[in-house]
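So in this note's numbering, spot 85 of the sequence shown is number 362, and the numbers just go up one at a time. Input: a single structure, listed below in structure tokens.
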Amino acid sequence: ELAAALRKVAINGEVMLTLANGIMICTNTTICWWGGGNILESFLQILDHNSIRNHLIGVMDDETERYLTGRPYNWFRVKNVIPKSQENSHPANKVSTIKYTLLKEIIQLGYH
């Protein structure tokens, strides 16, 4: 799924990747250490404002998938498994755990 998504959106082998989960949407301010606010929507507005089309959003949960479904953004569902050592960590830490694995995969596929 990742390789197909990269082929679809990359321009000259370049892609802007972000990972997103429900914490970025932040409707539950008790888990948002910055006091709440929809960071994902702000990111999407920046993509639109700058006409960035070679973006790819790695969706990490059902909430984020529902948020993006039907909207004109490039995304794929991250299939990487969170290591057992990170199971009870903060959702933001889970994103950090997976990003390095995805970065390695993207570079191995020849994208940057």
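No residue lacks a Cβ here, since even glycine has one placed at the ideal position from N, Cα and C. Keep in mind the model is a prediction, meaning the values are calculated, not measured.
{"Item": "At which residues does the beta strand (DSSP E) containing Met293 begin and terminate?", "Value": "293-297"}
{"Item": "Between Asn357 and Thr378, how many whole angstroms is the CB-CB distance? I'm expecting something under 8 Å.", "Value": "5 Å"}
{"Item": "Taking just the CA atoms, how far does Ile383 sit from Ile329?", "Value": "19 Å"}
{"Item": "Taking Cβ to Cβ, would you say Arg354 is nearer than 8 Å to Val372?", "Value": "no"}
{"Item": "Starting from Val336, follow the beta strand (DSSP E) in both directions and report where the run begins and ends.", "Value": "332-336"}
{"Item": "Tell me whether Ile384 sits in a helix, a strand or coil according to DSSP, three-state version.", "Value": "helix"}
{"Item": "Let me make sure I understand the geometry here. Which of Leu380, Leu324, Asp325, Asn298 has the alpha-carbon closest to that of Asn370?", "Value": "Asn298"}
{"Item": "Does the distance from the C-beta atom of Leu283 to that of Leu386 stay below 8 Å?", "Value": "yes"}
{"Item": "Taking all protein chains shown into account, do 16 or more other C-beta atoms lie within 10 angstroms of the C-beta of Leu296, making it buried, or fewer, making it exposed?", "Value": "buried"}
{"Item": "Starting from Arg348 and walking both ways along the alpha helix (DSSP H), at which residues does that stretch end?", "Value": "Counting along the chain, Arg348 falls outside any alpha helix (DSSP H), and DSSP gives it neither H nor E."}
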